[in-house]
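Heads up, the thing below is written out as structure tokens.
Chains as they are written, first to last, in this note's numbering: chain A, 1 to 325; chain B, 1001 to 1325.
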């Protein structure tokens, strides 16, 4: 009985809490109103647009949609830190391309090395260890590393309005998924704590895994095989592989998310698709068509005709980052 | 307020229902007691073995664990039905191996054709269409096809005690996953209705997908690329790819599940692993060491020493299949 009373008490508390604004960092903008109207429409029982809870899937890109991605993808900064940390064990890197360029801080030379050079860097930093060892490395890094210009921990560079949106959707029976071009193993160690998204709801670019026994104990060894390039066309593929159900809502910020929004919108019944537009040079960054990172051109050109929402960070968001704790 | 009262009323109902036995088709056996003791241990707050709800992952093999698999994997019967249904569009199959053998009902010749022949059959029946077309084909088949010896629909050949177990675990905060050697696209269209497991919690052997536009409308075309062979070593790999978290409990029935149970048991803290043993020739089938389908030899040899439970269908289950509706 005591447990039952506790349940009722927590229900009462929940009812009180839900009376408060679930999206306090959003201005009363057209974007906000479009999101709320959509959610109310699909969650109102008896409405012709009602969607049962198990089908309420919302997918979110990560870099540039849930957290910042400038001056480069944060996983790139992780990779650079790993090369530096591992360099003492690899004296040959001092003279070996692309490691030597990276260690000298010559990122232009690294970029000039193209895909082959990048793959060598990824292989050296993201493979050859067990999944648990890599998990630990990411966990250690994410709790100690600082953003190069703001000096903040990376987990403080998540977008407060998007945290509220994730929570608002879950409160309305949605399952929230990440569908990111970033590495799945780079996200899973921290996204549950930061976004409230459990590891099984994270889809990302993936390398291979090999089951092995080490002294009789099973491990999963990370290998360099590319299992999923979760970008562009790869996003609907990743969604189908992992979820097996088309999202009801999709949020991205770059042309790399175009196909995810296209696939989402093409489903029957009501669908919602939106880009977060980085147009706030004061509080965050302003970039779109000409950016090397998070380029958004086709998306901006076609959003209107396709009925997709463009969320302006500058005018739709009252606050960008969470208040410092 | 009215909604709130409804919530309380349904809570009261739930409290009443939970007083009933959650596992009525299980005899009061050692297996049942081991399952219940484990679940109580990991769900009791304050217990040293307590596991928070998000980490309560339970993984289930499908063929032979949740539903029957004799006289052959049901997906094999689906494949045969598809070849017959597609034959009129492929007159060349009348003389082409392995299609000709299959159409003549000569399964020995099909089997003699080995992996190459089987792959040709899979390619002809499981690829070349969109994911939605395949979905529809499976849905149509599963609602109309009948088991060759019992004459029952295949969804009536699921194990009642396992349905109760799935539901009991979910009632205790577990997320239930299927981890099957069978095709993920073959399971997802019906498992939500039959097992209460949503498509995003189904892991299985997977072929490729290709994103394409057809008359401006996006589709995902099924291709013959093998993305995951979700059997033996592939099961822990599939679990890590999709869940990113080690299960707390794992249930299988054959040596193809050995590595899933091994990986599960090797985790820190309390873990539970069990084989369903097909030892009931009267109500189901009796097979293990010498069976071509669902062979269980190493599992039986090592279960005791590894602390794994062996569930006897004959003595632990009061009922095998659900009562006819």
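From the three backbone atoms N, C-alpha and C, an ideal C-beta is built for every residue, glycine too.
Separation of residue j from residue i, as counted between CA atoms
{"i": "residue 1040 of chain B", "j": "residue 1297 of chain B", "result": "31 Å"}
{"i": "residue 197 of chain A", "j": "residue 1150 of chain B", "result": "44 Å"}
{"i": "residue 1085 of chain B", "j": "residue 1093 of chain B", "result": "12 Å"}
{"i": "residue 1293 of chain B", "j": "residue 1256 of chain B", "result": "10 Å"}
{"i": "residue 313 of chain A", "j": "residue 242 of chain A", "result": "30 Å"}
{"i": "residue 1206 of chain B", "j": "residue 1076 of chain B", "result": "15 Å"}
{"i": "residue 245 of chain A", "j": "residue 1200 of chain B", "result": "7 Å"}
{"i": "residue 273 of chain A", "j": "residue 288 of chain A", "result": "18 Å"}
{"i": "residue 325 of chain A", "j": "residue 152 of chain A", "result": "12 Å"}
{"i": "residue 269 of chain A", "j": "residue 111 of chain A", "result": "44 Å"}
{"i": "residue 1260 of chain B", "j": "residue 1250 of chain B", "result": "7 Å"}
{"i": "residue 318 of chain A", "j": "residue 1046 of chain B", "result": "41 Å"}
{"i": "residue 1224 of chain B", "j": "residue 1098 of chain B", "result": "17 Å"}
{"i": "residue 53 of chain A", "j": "residue 1171 of chain B", "result": "18 Å"}
{"i": "residue 180 of chain A", "j": "residue 62 of chain A", "result": "5 Å"}
{"i": "residue 1090 of chain B", "j": "residue 1100 of chain B", "result": "11 Å"}
{"i": "residue 1127 of chain B", "j": "residue 1120 of chain B", "result": "10 Å"}
{"i": "residue 82 of chain A", "j": "residue 1267 of chain B", "result": "27 Å"}
{"i": "residue 1271 of chain B", "j": "residue 1060 of chain B", "result": "14 Å"}
Chain A contact for residue i (CB, 8 Å cutoff)
{"i": "residue 1242 of chain B", "result": "yes"}
{"i": "residue 1211 of chain B", "result": "yes"}
{"i": "residue 1192 of chain B", "result": "yes"}
{"i": "residue 1233 of chain B", "result": "yes"}
{"i": "residue 1214 of chain B", "result": "no"}
{"i": "residue 1281 of chain B", "result": "no"}
{"i": "residue 1220 of chain B", "result": "yes"}
{"i": "residue 1069 of chain B", "result": "no"}
{"i": "residue 1098 of chain B", "result": "no"}
{"i": "residue 1266 of chain B", "result": "yes"}
{"i": "residue 1054 of chain B", "result": "yes"}
{"i": "residue 1048 of chain B", "result": "no"}
{"i": "residue 1179 of chain B", "result": "no"}
{"i": "residue 1270 of chain B", "result": "no"}
{"i": "residue 1317 of chain B", "result": "no"}
{"i": "residue 1305 of chain B", "result": "no"}
Contacts that residue i makes with chain D (C-beta to C-beta distance below 9 Å)
{"i": "residue 206 of chain A", "result": "The structure shown contains no chain D; its protein chains are A and B."}
Expected contact under 8 Å - CB spacing of residue i and residue j to nearest Å
{"i": "residue 222 of chain A", "j": "residue 80 of chain A", "result": "Between residue 80 of chain A and residue 222 of chain A the Cβ distance is about 19 Å, and since that is not below 8 Å, they are no contact."}
{"i": "residue 1283 of chain B", "j": "residue 1320 of chain B", "result": "5 Å"}
{"i": "residue 1057 of chain B", "j": "residue 1248 of chain B", "result": "6 Å"}
{"i": "residue 1258 of chain B", "j": "residue 1299 of chain B", "result": "6 Å"}
{"i": "residue 155 of chain A", "j": "residue 190 of chain A", "result": "6 Å"}
{"i": "residue 204 of chain A", "j": "residue 184 of chain A", "result": "3 Å"}
{"i": "residue 276 of chain A", "j": "residue 64 of chain A", "result": "7 Å"}
{"i": "residue 1316 of chain B", "j": "residue 1033 of chain B", "result": "Wrong, their Cβ atoms sit about 10 Å apart, outside the cutoff."}
{"i": "residue 158 of chain A", "j": "residue 178 of chain A", "result": "12 Å between Cβ atoms; not a contact."}
{"i": "residue 265 of chain A", "j": "residue 1240 of chain B", "result": "Going by Cβ atoms, the distance from residue 265 of chain A to residue 1240 of chain B rounds to 32 Å, so no, they are not a contact pair."}
Where residue i sits in the DSSP three-state scheme
{"i": "residue 214 of chain A", "result": "strand"}
{"i": "residue 1068 of chain B", "result": "coil"}
{"i": "residue 51 of chain A", "result": "coil"}
{"i": "residue 1129 of chain B", "result": "coil"}
{"i": "residue 1042 of chain B", "result": "helix"}
{"i": "residue 186 of chain A", "result": "helix"}
{"i": "residue 311 of chain A", "result": "strand"}
{"i": "residue 1110 of chain B", "result": "helix"}
{"i": "residue 143 of chain A", "result": "helix"}
{"i": "residue 1084 of chain B", "result": "helix"}
{"i": "residue 1248 of chain B", "result": "coil"}
{"i": "residue 299 of chain A", "result": "helix"}
{"i": "residue 316 of chain A", "result": "helix"}
{"i": "residue 203 of chain A", "result": "strand"}
{"i": "residue 234 of chain A", "result": "helix"}
{"i": "residue 1277 of chain B", "result": "strand"}
{"i": "residue 1105 of chain B", "result": "coil"}
{"i": "residue 63 of chain A", "result": "strand"}
{"i": "residue 24 of chain A", "result": "coil"}
is_contact[residue i, chain B] using C-beta, thresh 8 Å
{"i": "residue 217 of chain A", "result": "yes"}
{"i": "residue 131 of chain A", "result": "yes"}
{"i": "residue 322 of chain A", "result": "no"}
{"i": "residue 236 of chain A", "result": "yes"}
{"i": "residue 198 of chain A", "result": "yes"}
- Touch check for the segment 161-172 of chain A and the segment 20-27 of chain A: three-plus C-beta pairs under 8 Å? yes
- Check whether the segment 200-216 of chain A touches the segment 1220-1239 of chain B, taking contact to mean three or more Cβ pairs, one atom from each stretch, closer than 8 Å. yes
- Query: Given 8 Å as the limit, is there contact between the segment 67-74 of chain A and the segment 275-290 of chain A, that is, 3 or more CB pairs closer than that?
  - Reply: yes
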